[in-house]
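See structure below.
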Amino acid sequence: MDSKQATLYLLLATTFASVAAVQMMMDQFKECTSNGVLECNLRVRKINRTTAALYGNVTLLVDLGSNFVTGFNVFHSAKGNNQYNLYPMKIPALDTCTFSNSFWKDYYPYIVPYVPEIEKPGVCPIAAKLLHFNDLVLDGAMFPPYVPPGLWKMVWKGTENGTDKFFVIEVVFKVFPNGFFGKT
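Below, the structure is given as structure tokens:
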């Protein structure tokens, strides 16, 4: 094998190794701020050594329709020391109906086993109701395979057009390389 072939194989191996699947674990439910849109009673609890889950409930106090604009920002701390940098992976600010029709179908199968009352993709407006979170465990398949390991913070913000109603939800989770906790 000549040096060009060896370099090509090394480059291909590095590329495939960097897009391996990941394992995730909830770390903290940090914030739920709102002025009459929703109320949260959530916490992260350890199920065992390798699994932490989101448990509790969220009460939607108003219907979330096309009058609400929501967006997600994601921050990454490579060393896990809470020094976050805004990561260029995000869902842009969209009205709730557009989000439900465009993006929710990608995440719904990972959430509905743990939150059975959650609305199906395409349903809009999202009706006011009580949502029970029954040990929501993050699945590494719900995120792109190139997500680097480290501590992650996701911030979900929503505002109602024409009023001062808003909400902010912040969740922190850890991403580990696949195989970190043994075979999956």
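Letter by letter, the sequence shown follows residues -21 to -1, 1 to 163 of mature numbering (1 follows the signal peptide of the UniProt record, and there is no 0).
Backbone N, C-alpha and C define an ideal beta-carbon position, used for all residues, glycine too.
None of these values were measured; they are calculated from a predicted model.
Just reading off the beta strand (DSSP E) that residue i is part of, what are its end residues?
| i | result |
| --- | --- |
| residue 49 | 47 to 56 |
| residue 112 | 109 to 115 |
| residue 27 | 17 to 27 |
When DSSP builds the beta bridges, which residues end up paired with residue i?
| i | result |
| --- | --- |
| residue 131 | 55 and 152 |
| residue 64 | 55 |
| residue 147 | 12 and 136 |
| residue 70 | 51 |
What did DSSP end up calling residue i once you bin it into helix, strand or coil?
| i | result |
| --- | --- |
| residue 141 | coil |
| residue 6 | strand |
| residue 88 | helix |
| residue 106 | coil |
Please classify residue i as buried or exposed, where buried requires at least 16 neighbouring CB atoms within 10 angstroms.
| i | result |
| --- | --- |
| residue 75 | buried |
| residue 57 | exposed |
| residue 25 | exposed |
| residue 34 | buried |
First and last residue of the alpha helix (DSSP H) that includes residue i?
| i | result |
| --- | --- |
| residue 30 | Segment 30 to 39 is the beta strand (DSSP E) holding residue 30; no alpha helix (DSSP H) there. |
| residue 80 | 75 to 81 |
For a test of your reading of the model: does the CB of residue i fall under 8 Å from any non-hydrogen atom of the ligand ADP? Yes or no.
| i | result |
| --- | --- |
| residue 30 | Questions concerning the ligand ADP fall outside what the structure shown contains, since it holds no ligand whatsoever. |
Would you call the segment 82 to 91 in contact with the segment 114 to 124, where contact means no fewer than 3 C-beta pairs closer than 8 Å?
yes
Three Cβ pairs or more, each shorter than 8 Å: is that satisfied between the segment 38 to 55 and the segment 64 to 82?
yes
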